[in-house]
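Peer 1: Read in order, the letters of the sequence shown are residues 1111 to 1341 in our numbering. Can you read through this structure? Questions will come right after.
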Amino acid sequence: MTFTRRQILAGLAGLGVAGLGAGGVRYWLGRPLNTASHDYELIAAPLDLELVPGHKTPVWAYGGQAPGLELRCRQGERLRVRFINHLEVETTIHWHGIRLPLDMDGVPYVSQLPVKPGEYFDYDFVCPDAGSFWYHPHTASAEQLGRGLVGPLIVEEREPSGFAHEHTLCLKTWHVDEQGAFSDFLVPRLAAREGTRGRLSSINGVSNPTLELPAGQVVRLRLINVDSTIT
1111 MTFTRRQILA
1121 GLAGLGVAGL
1131 GAGGVRYWLG
1141 RPLNTASHDY
1151 ELIAAPLDLE
1161 LVPGHKTPVW
1171 AYGGQAPGLE
1181 LRCRQGERLR
1191 VRFINHLEVE
1201 TTIHWHGIRL
1211 PLDMDGVPYV
1221 SQLPVKPGEY
1231 FDYDFVCPDA
1241 GSFWYHPHTA
1251 SAEQLGRGLV
1261 GPLIVEEREP
1271 SGFAHEHTLC
1281 LKTWHVDEQG
1291 AFSDFLVPRL
1301 AAREGTRGRL
1311 SSINGVSNPT
1321 LELPAGQVVR
1331 LRLINVDSTI
1341 T
C-alpha cells in the first residue's frame, strides 16, 4: 500500500494531538514518559508580595516566593524537577547557562511545547558545570520575568569548595508604582539603549535588605542578575 504526502501529514497530525492530550504532560511526538523520581516539585502560581510597604503586588512566583525557590545539585549530578503550572497562561522553564539536551532547554515550540495551565512537565538533565545559574521562562519573557518568574540554580563543585558560609543574592528591579501596581514591563525606546529599568530595586525580593555575616569569616556571595531587562 502506498500513501500520499497529504495522508502521511494527516496521520502525523492525528498522532500529535493524541500525544499532547495524554497524562497531563505535553511532549513532542515520540518523547517517552519520564517515570523517574524528581528531586524538586516546582509550582508556578500567583502570589501577593509586599514589595512597597503597605501595598500588595500580584506577582507570579516559583515555589511560593519571588525570586523563586533556590534549586541545588552537585556538579555532574542529575537534576530532576517536576514543574507544575498553576498560572492562567502558558509557560516553560529555561535553565540559563546550563549545558543540557535541547529537549530540556525550555524554549517553546523549539525544544518543547508550552506547559498549559493545570499541566506539568518533568525536566531531567545532568548539570556538567559548577556555578551560579538561574531559571526563568522563555514565554512572553518581559512580562513573565517582570512579574517574578525567576529563581537561582546553584551547582556546587564536584569537590567541596572549602567555604563554610555562603549566600545567594538575586538582584532584580520591579516595574511597580508607588502603590505596588505593575507598570509597563518594556518601553521600546529604553529597551534599545540599556533596558527598561524598574523603579524598585531588590535583593532576594526585598528592597534595602540587611545581610548578617559571621565576624572574621570568609563568606562566598553568589551574585545573580535575574532582572528581566537590565544586564
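For glycine and all other residues, C-beta sits at the position ideal for the given N, C-alpha and C.
Tell me whether residue 1276 sits in a helix, a strand or coil according to DSSP, three-state version.
Peer 2: strand
Peer 1: What residue does the alpha helix (DSSP H) around residue 1253 start on, and which one ends it?
Peer 2: 1251–1256
Peer 1: Going by C-alpha distance, which of 1202, 1167 and 1189 is nearest residue 1154?
Peer 2: 1202
Peer 1: Can you find the residues in the same chain that come closer than 7 Å, C-beta to C-beta, to residue 1324, ignoring five residues on each side of it along the sequence?
Peer 2: Beyond the five residues adjoining it in sequence on each side, residue 1324 comes within less than 7 Å, by CB distance, of 1275 in the same chain, given in chain order.
Peer 1: Rounded to a whole number of angstroms, what is the C-alpha to C-alpha distance between residue 1157 and residue 1178?
Peer 2: 11 Å
Peer 1: When you compare only the Cα positions, how much space is there between residue 1280 and residue 1271?
Peer 2: 21 Å
Peer 1: Is the separation between the beta-carbon of residue 1190 and that of residue 1239 shorter than 8 Å?
Peer 2: no
Peer 1: So for residue 1296, helix, strand or coil by DSSP?
Peer 2: Three-state DSSP puts residue 1296 in coil, outside helix and strand.
Peer 1: Between 1218, 1204 and 1340, which has its C-alpha nearest residue 1262's C-alpha?
Peer 2: 1204
Peer 1: I'd like the ranges of any beta strand (DSSP E) spanning at least 3 consecutive residues and lying wholly in the segment 1309–1339.
Peer 2: 1310–1313 and 1329–1335
Peer 1: Would DSSP call residue 1239 helix, strand or coil?
Peer 2: In this structure, residue 1239 counts as coil in the three-state DSSP scheme.
Peer 1: With DSSP collapsed to three states, give me the class of residue 1070.
Peer 2: Because residue 1070 is not part of the residues shown, which for the chain are 1111 to 1341, the question remains open.
Peer 1: Can you tell me which of the three DSSP states residue 1203 falls into?
Peer 2: coil
Peer 1: Which residues does DSSP list as the beta-bridge partners of residue 1219?
Peer 2: Partner(s): none; residue 1219 has no beta bridge.
Peer 1: Just mark residue 1188 as buried or exposed, buried being the case when its beta carbon has 16 or more other beta carbons within 10 Å.
Peer 2: exposed
Peer 1: Quick one, are the C-beta atoms of residue 1332 and residue 1278 less than 8 Å apart?
Peer 2: yes
Peer 1: Short check: CB of residue 1151 to CB of residue 1194, under 8 Å?
Peer 2: Taking 8 Å as the cut-off, the Cβ atoms of residue 1151 and residue 1194 count as close.
Peer 1: Shortest alpha-carbon distance to residue 1182 belongs to which of 1244, 1250 and 1313?
Peer 2: 1244
Peer 1: Since I believe residue 1330 is in contact with residue 1273 (beta carbons under 8 Å), could you give me their beta-carbon distance rounded to a whole number of angstroms?
Peer 2: 4 Å
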